[in-house]
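For the record, the sequence lines run as chains S and W. Number 226 in this note's numbering belongs to position 242 of the first sequence; there are no gaps in the numbering. Number 30 in this note's numbering belongs to position 21 of the second sequence; there are no gaps in the numbering. Scroll down for the structure; my scribbles are underneath it.
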Amino acid sequence: MEHYYFDEYSRNQSIISRLDPRIKIITFLAFIFFIIFTSAQNIYSFAYYGLILIMLTIFAKIPFLFILKRILTIIPFAIMVAIFMPFLKGGTPIARWRIAQIHFTISREGVLIFWNCFIKAVLSASCLAILGSTTKFADLLKGLIDLKMPKIIIMVLSFMYRYIFLAEDQMMKIKYAVAARSCARPKIRAFSGRLSVFFIHVYEKAEMVYIAMCARGFTGDIKTLDAFRIKPQDIAFMLIIIALLTFIKSLTGGYG
Amino acid sequence: MHIPDGFLAAKVLIPAWVVSAGTLAYSIKKATVALKERAIPLMGVTAAFVFIVQLADFPVFAGTSGHLLGGALTAILLGPYAAVIVLTCVLLAQSFILQDGGITALGANILNIGILNTIGAYIPYRLLCVTKKQALAIFTSTCFSVILAATACAAELGFSGVSPFKITLTAMLFTHMLTGIIEGIITVLIISFLRRIRPDIIYKT
Chain S
-15 MEHYYFDEYS RNQSIISRLD PRIKIITFLA FIFFIIFTSA QNIYSFAYYG
35 LILIMLTIFA KIPFLFILKR ILTIIPFAIM VAIFMPFLKG GTPIARWRIA
85 QIHFTISREG VLIFWNCFIK AVLSASCLAI LGSTTKFADL LKGLIDLKMP
135 KIIIMVLSFM YRYIFLAEDQ MMKIKYAVAA RSCARPKIRA FSGRLSVFFI
185 HVYEKAEMVY IAMCARGFTG DIKTLDAFRI KPQDIAFMLI IIALLTFIKS
235 LTGGYG
Chain W
10 MHIPDGFLAA KVLIPAWVVS AGTLAYSIKK ATVALKERAI PLMGVTAAFV
60 FIVQLADFPV FAGTSGHLLG GALTAILLGP YAAVIVLTCV LLAQSFILQD
110 GGITALGANI LNIGILNTIG AYIPYRLLCV TKKQALAIFT STCFSVILAA
160 TACAAELGFS GVSPFKITLT AMLFTHMLTG IIEGIITVLI ISFLRRIRPD
210 IIYKT
């Protein structure tokens, strides 16, 4: 079961996608922690992290454009939150000009704060993008079970994933029905009526699916066709990445 | 609203993780006792519904956009404990699948969207229900919870020193005031619709 958008590349056979999901989750989480706890002045270490991520993307056979598109989701947030900082933070000014009697000053400290958030968010998001796009959702869930995620969260996640297919199907039907019958922009009452009908329809179908699953012996355990065994290459992958990260850390020095 | 990795400082991240993990553990404990047979598909459907609804951005004002949060709807529909679990799952999936919200910032995101937006709606809703004006109770509690979540988000960013608290708060409150009103109206209409068609699926204490 693959989603055309969420699982676009999880079928790709590559070195990265064949790794054990548990090892992959742990390695990428470690990567993100290394990124978060690097101080903003170490521009070189961010460049090295970027280089490792580019290598991983090539090994995973994912197009760069795909990763870039995923990173774009954080840009509006970054701009809305942190764009004021270079102007408002006091400190060493590096540029100033005036437009219509208002002085704009850009300070070094402010730019550093903006850079800090921005580069860390971009690098961490690409880590997650590589992890997410090389792992099937069912494998991800199985990995999370082994990492001791509570059972009810796994259940809700797996049902959510299943029902997204039902929901999208239903959404298309409602969209066509509306397009066939009306031409006006929806009033808010009609819009929420549509949402509620959508919800009820999906719920009723979902309930049938669940009952059918229970009738066939579903107990809440997730079963995948591949048995997970940690192979030597998984350990090697984790050790290489962690060693590289530690090396970069020691090269540029300092935690912050 | 979904905070990415790298924005929050450790002094904000750690308390946020502690509070969310504690609340989540308590909710799981309470919910597993209270769950009925049919609760699992309902929770799954609500999670899928919230996941899709949060994907749909609508423009609010001059380039900024908001999206419905769905926390209040979930809390009124499923009760507070199940709502915390459902919203946590949605955030987890968004982080892994869509890179919307970071993994280290997940604690803070669960606190804002998963806890303040659900329990923050449920408590005023229960209190206002005494007045017998259902629609008003739902509308007020939804607005309140959206604004509460936005304020918490601005405060976390402000404490981390990545954005000037006052400006972010004003921007956040402005966009989320409008989002809150729209979400309030939609929540009222959906709940009253469901109450007419399928009253059996709405959470009762």
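All residues carry an ideal CB built from backbone N, CA and C; glycine is no exception.
Element boundaries [alpha helix (DSSP H), containing residue i]
| i | result |
| --- | --- |
| R54(S) | 48 to 55 |
| Y212(W) | Looking at the DSSP string, Y212(W) is not in any alpha helix (DSSP H), and its letter there is neither H nor E. |
| V93(W) | 89 to 102 |
| H185(S) | 172 to 199 |
| G94(S) | 92 to 118 |
| P173(W) | That residue, P173(W), is in no alpha helix (DSSP H); it is neither H nor E in DSSP. |
| K8(S) | 5 to 20 |
| V62(W) | 48 to 64 |
| C138(W) | 128 to 138 |
| G204(S) | Per DSSP, G204(S) belongs to no alpha helix (DSSP H) and is neither H nor E. |
| R(-5)(S) | R(-5)(S) -> no alpha helix (DSSP H), and no H or E assigned at all. |
| N118(W) | 115 to 118 |
| R146(S) | 135 to 165 |
| G15(W) | Unbroken run through G15(W): none, as it is neither H nor E. |
| G127(S) | 121 to 130 |
| K233(S) | 216 to 236 |
| G111(W) | G111(W) -> no alpha helix (DSSP H), and no H or E assigned at all. |
| F212(S) | Note, F212(S): premise wrong, no alpha helix (DSSP H); not H, not E. |
| F30(S) | 27 to 44 |
Alpha-carbon to alpha-carbon, residue j and residue i
| i | j | result |
| --- | --- | --- |
| L44(W) | I138(S) | 15 angstroms |
| N100(S) | V99(W) | 28 angstroms |
| K45(S) | V181(S) | 41 angstroms |
| L179(S) | I224(S) | 49 angstroms |
| G129(W) | F121(S) | 31 angstroms |
| R311(S) | L157(W) | The structure shown does not extend to residue 311(S), since chain S spans only -15 to 240, so no value can be given for it. |
| M192(S) | I184(S) | 12 angstroms |
| V28(W) | L120(W) | 7 angstroms |
| T160(W) | Q154(S) | 35 angstroms |
| E192(W) | E93(S) | 39 angstroms |
| F30(S) | A220(S) | 23 angstroms |
| K126(S) | P5(S) | 8 angstroms |
| I106(S) | V65(S) | The question names Ile, yet the displayed sequence has Val at residue 106(S). Answer to the nearest angstrom: the Cα atoms are 15 angstroms apart. |
| S(-2)(S) | D209(W) | 48 angstroms |
| I241(S) | A56(W) | Because chain S here runs from -15 to 240, residue 241(S) falls outside it and cannot be looked at. |
| F143(S) | A151(S) | 12 angstroms |
Chain W within 8 angstroms of residue i, Cβ atoms only
| i | result |
| --- | --- |
| M144(S) | yes |
| Y194(S) | yes |
| A113(S) | yes |
| V186(S) | yes |
| K72(S) | The sequence shown places Leu at residue 72(S), rather than the Lys named in the question. L72(S) counts as touching chain W. |
| K171(S) | no |
| Y32(S) | no |
| K233(S) | no |
| F50(S) | no |
| Y147(S) | yes |
| V140(S) | yes |
| E93(S) | no |
| G177(S) | yes |
7 angstroms Cβ shell around residue i - same chain, five flanking residues per side excluded
| i | result |
| --- | --- |
| N118(W) | H11, I12, L100, G110 |
| Y145(S) | F121 |
| D14(W) | G111, I112, T113, A114 |
| L209(S) | none |
Any chain S beta carbon closer than 8 angstroms to residue i
| i | result |
| --- | --- |
| A71(W) | In this predicted model, A71(W) has a pLDDT of only 49, less than 50, meaning its place in the structure is not dependable enough to derive any value. |
| G15(W) | yes |
| I122(W) | no |
| Q143(W) | no |
| V171(W) | yes |
| A180(W) | yes |
| V155(W) | no |
| T113(W) | yes |
| V95(W) | yes |
Own chain, CB closer than 6 angstroms to residue i, minus 5 neighbours either side, in chain order
| i | result |
| --- | --- |
| M156(S) | none |
| K111(S) | Reading off the sequence shown, one finds Cys at residue 111(S), where the question assumed Lys. Same-chain partners within the cutoff: F12, F15, I16. |
| Y131(W) | A84, P89 |
| F102(S) | A62 |
| L37(S) | S110 |
| I58(S) | A105, A109 |
Distance cut-off 7 angstroms: residue i Cβ against heavy atoms of the ligand FMN
| i | result |
| --- | --- |
| I210(W) | Ligands are entirely absent from the displayed structure, and the ligand FMN is therefore not among its contents. |
Sequence-distant residues of the same chain with beta carbon closer than 8 angstroms to residue i, five excluded per side
| i | result |
| --- | --- |
| P24(W) | none |
| G72(W) | At G72(W) the pLDDT is 48, less than 50, meaning the model places this residue with poor confidence; the figure from the coordinates comes in the next sentence. Result list for G72(W): empty, nothing under 8 angstroms. |
| V21(W) | A117, E165, F168, S169 |
Contact between the segment 174 to 190 of chain W and the segment 103 to 112 of chain W: three or more CB pairs below 8 angstroms?
no
Closer than 8 angstroms is the cut-off here; do at least three beta carbon pairs connect the segment 53 to 64 of chain W with the segment 79 to 99 of chain W?
yes
Please determine if the segment 0 to 18 of chain S and the segment 225 to 235 of chain S are in contact, where contact requires at least 3 C-beta pairs separated by less than 8 angstroms.
yes
Does the segment 197 to 209 of chain S come close enough to the segment 86 to 105 of chain W that 3 or more CB-CB pairs lie under 8 angstroms?
no
Would you say the segment 188 to 204 of chain W touches the segment 145 to 156 of chain W, given that touching needs at least three Cβ pairs under 8 angstroms?
yes
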